[in-house]
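In our numbering, the protein residues as written are 9 to 126. For every residue, glycine included, the Cβ atom is placed at its ideal position computed from N, Cα and C. Only a predicted model underlies this, so the values are computations on that prediction, with no experimental measurement involved.
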């Protein structure tokens, strides 16, 4: 019986990181990992041994900005079943613009001449 008590104490005494590269939540509506992993299902689960993947918000931030020749670009998240609805982004201001669905960033190439778009 003693090992179970030590196991439970160890499991709940430490705070859980939100992901392996984020200590806290990054959205107002996101539940913390500590709050989500409660109840009978997780009662005897050693959370230190559970998967803790890297937050996608940081993975997408590592993708370089795509330079585009035109003033507008469309993004469908890769298309098909794995994509998202097609959206059009205005690049007139010269700054990088992120897609609201997938987070990919696009920017008008100041050295490109032409009216093409992605």
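Residue i (DSSP reduced to helix, strand or coil)
i	result
residue 38	coil
residue 88	helix
residue 114	strand
residue 49	helix
residue 57	helix
residue 67	helix
residue 108	coil
Residue i versus the options, residue with shortest Cα-Cα distance
i	options	result
residue 79	31, 37, 115	115
residue 56	70, 41, 48	41
residue 91	72, 103, 73, 111	111
residue 95	89, 107, 88	107
CA-to-CA distance, residue j to residue i, given in whole angstroms
i	j	result
residue 44	residue 109	24 Å
residue 52	residue 60	18 Å
residue 102	residue 83	17 Å
residue 97	residue 39	30 Å
residue 71	residue 86	14 Å
residue 54	residue 37	26 Å
residue 10	residue 32	In this predicted model, residue 10 has a pLDDT of only 37, less than 50, meaning its place in the structure is not dependable; the value taken from the coordinates is given anyway. One C-alpha to the other measures close to 32 Å.
Proximal residues to residue i (C-beta, below 7 Å), its chain only, five neighbours per side dropped
i	result
residue 99	76, 79, 80, 81, 105, 114, 115, 116
Residue i: CB within 7 Å of a non-hydrogen atom of the ligand MN
i	result
residue 103	This structure does not include the ligand MN; it has no bound ligands of any sort.
Close beta carbons around residue i, own chain, < 6 Å, minus the five adjacent residues each side
i	result
residue 118	none
residue 73	104, 113, 115
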